[in-house]
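Asks:
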Amino acid sequence: MAIAVGYVAGGRVAKVDLNHPVSRWYDRAPLLGGAGGAVGLWSVVRLINRDLNPLLVVGVIVLGAVVGTAIGWLAGLAVRRNARAEIPVPAIAAAAVGGAVVAEVGWLLYKKLITTVEWPSAKLRIPFPQIDVVTGKALQVGGVTIQRSALFTVGALVICAVLLWFFINRTRIGRGMQAVSQDPDTARLMGINVDRIIVVAFALGAVLAAIAGVSQGLQNTNIDFRMGFLAGLKAFTAAVLGGIGNIYGAVAGGLVLGVVEAMATQYIPGQFGGSTWKDVWAFVILILVLVFRPQGLLGARVVDRA
-7 MAIAVGYVAG
3 GRVAKVDLNH
13 PVSRWYDRAP
23 LLGGAGGAVG
33 LWSVVRLINR
43 DLNPLLVVGV
53 IVLGAVVGTA
63 IGWLAGLAVR
73 RNARAEIPVP
83 AIAAAAVGGA
93 VVAEVGWLLY
103 KKLITTVEWP
113 SAKLRIPFPQ
123 IDVVTGKALQ
133 VGGVTIQRSA
143 LFTVGALVIC
153 AVLLWFFINR
163 TRIGRGMQAV
173 SQDPDTARLM
183 GINVDRIIVV
193 AFALGAVLAA
203 IAGVSQGLQN
213 TNIDFRMGFL
223 AGLKAFTAAV
233 LGGIGNIYGA
243 VAGGLVLGVV
253 EAMATQYIPG
263 QFGGSTWKDV
273 WAFVILILVL
283 VFRPQGLLGA
293 RVVDRA
């Protein structure tokens, strides 16, 4: 049996069902309508005129409070049949005033931030910080020139691959990650915190992406907003080439992809050679692998049985 009690809110008693707490969107519809209506009116006024004097700002806040209160009250009437709590008008008005004030203060802070901070242009190439040990003079080994940034990239590859293998295969979280990747429902029944595993997987991916970004920045010496697009395509190509879900395959796929690009640049003569065609040959290799070996070079063929 439902138990109805009263509490004072804004000078008025609101009724709440204890057996059905305020947890649905329609229980908060009046408050959401009040705040949304005030912010909506403020947005319309700011789109019409971005520069308002203080008197007009106060007027917009007051008018937004009135309009938001009306919208919230109408929203409360619309969901009255399903709502489990009765929101009083003063509470709706407070939500409307709060929404308008927060919108105005946020706009002022945004303008201050935009006008006072010297932001770099997104269209310009920005020099990447250089480290003498990593980006110094190239090394000469038997007539072969080796860039120090390339050595850093290979070293980072080896270290990250070893640590990732150890984390996946020798730690409790890594084994839980494998279980979640195979069957998340069964893993949850076995006591594995699936949500935490997902967070750890995303965090691990972000860390590896950051290391790759630093490596590419050191090698290119400049960064721009477009450089990650082709790198992402190459990373996906390397993963497919080696075998999705296989750490060794991803490493092998990346190395094969790099060797193919270097050899295509150096040894293919005519108009189909050179650095301008290296990306084309890389994706040609990907197409051939997908046609003749869809599971990748080191991937295992998986057969689903009824």
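Residue -7 is where the sequence shown starts when you use this note's numbering, and the numbers rise one by one after that. Idealized CB from N, CA, C, for every residue including glycine. These figures come from a predicted structure and were not determined experimentally.
(1) Suppose contacts are defined by Cβ-Cβ distances below 8 Å. Is Trp65 in contact with Ile84 by that definition?
(2) Is the stretch 113 to 131 touching the stretch 172 to 188 in the sense that three or more CB pairs, one from each, lie closer than 8 Å?
(3) Use the C-beta contact count for Arg20: other C-beta atoms within 10 angstroms, 16 or more gives buried, fewer gives exposed.
(4) Give the list of continuous beta strand (DSSP E) stretches no shorter than 3 residues that lie fully inside the stretch 54 to 139.
(5) Helix, strand or coil for Asn214 per DSSP?
(6) Roughly how many angstroms lie between the CA atoms of Ala193 and Ser113, to the nearest whole one?
(7) By DSSP, does Thr163 sit in helix, in strand, or in coil?
(8) Does the stretch 36 to 50 come close enough to the stretch 78 to 93 to have 3 or more Cβ pairs within less than 8 Å?
(9) Measure how close the beta-carbons of Leu233 and Ile277 come, nearest whole angstrom, since I'm counting them as under 8 Å.
(10) What beta strand (DSSP E) runs, 3 residues minimum, are completely inside the stretch 153 to 198?
(11) Near Ala88, what residues of its chain come up, given a Cβ to Cβ distance below 7 Å and the 5 sequence neighbours on each side ignored?
(12) So the alpha helix (DSSP H) Thr257 belongs to, where does it begin and stop?
(13) For Trp269, name the three-state secondary structure that DSSP assigns.
(14) At a cut of 8 Å, does the stretch 141 to 157 reach the stretch 199 to 209 through at least three beta carbon pairs?
(15) Using the C-alpha atoms, what's the distance from Ala274 back to Leu249?
Replies: For this structure:
(1) Yes, Cβ-Cβ distance for Trp65 and Ile84 is below 8 Å.
(2) Verdict: no, contact absent.
(3) Buried: at least 16 other Cβ atoms inside 10 Å.
(4) 131 to 133, 136 to 138, all fully within the stretch 54 to 139.
(5) Asn214 sits in a strand when the DSSP states are folded into three classes.
(6) Cα-Cα distance, rounded: 33 Å.
(7) DSSP places Thr163 in coil when its eight states are reduced to three.
(8) Between the stretch 36 to 50 and the stretch 78 to 93 there are fewer than three inter-stretch CB-CB distances shorter than 8 Å, so the stretches are not counted as touching.
(9) The pair is a contact, with the Cβ atoms about 7 Å apart (cut-off 8 Å).
(10) Runs of the beta strand (DSSP E) inside the stretch 153 to 198: none found.
(11) Within its own chain, the residues whose Cβ lies closer than 7 Å to the Cβ of Ala88, once the five positions on either side in sequence are excluded, are Gly26, Ala27, Gly29, Ala30, Gly56, Ala57, Gly60, Thr61, Gly64, listed in chain order.
(12) Its alpha helix (DSSP H) spans residues 239 to 259.
(13) In the structure shown, Trp269 sits in a helix (DSSP, three-state: H, G or I).
(14) The stretch 141 to 157 makes contact with the stretch 199 to 209: 3 or more CB pairs, one atom from each, lie closer than 8 Å.
(15) Cα atoms of Leu249 and Ala274: separation of roughly 6 Å, rounded to the nearest angstrom.
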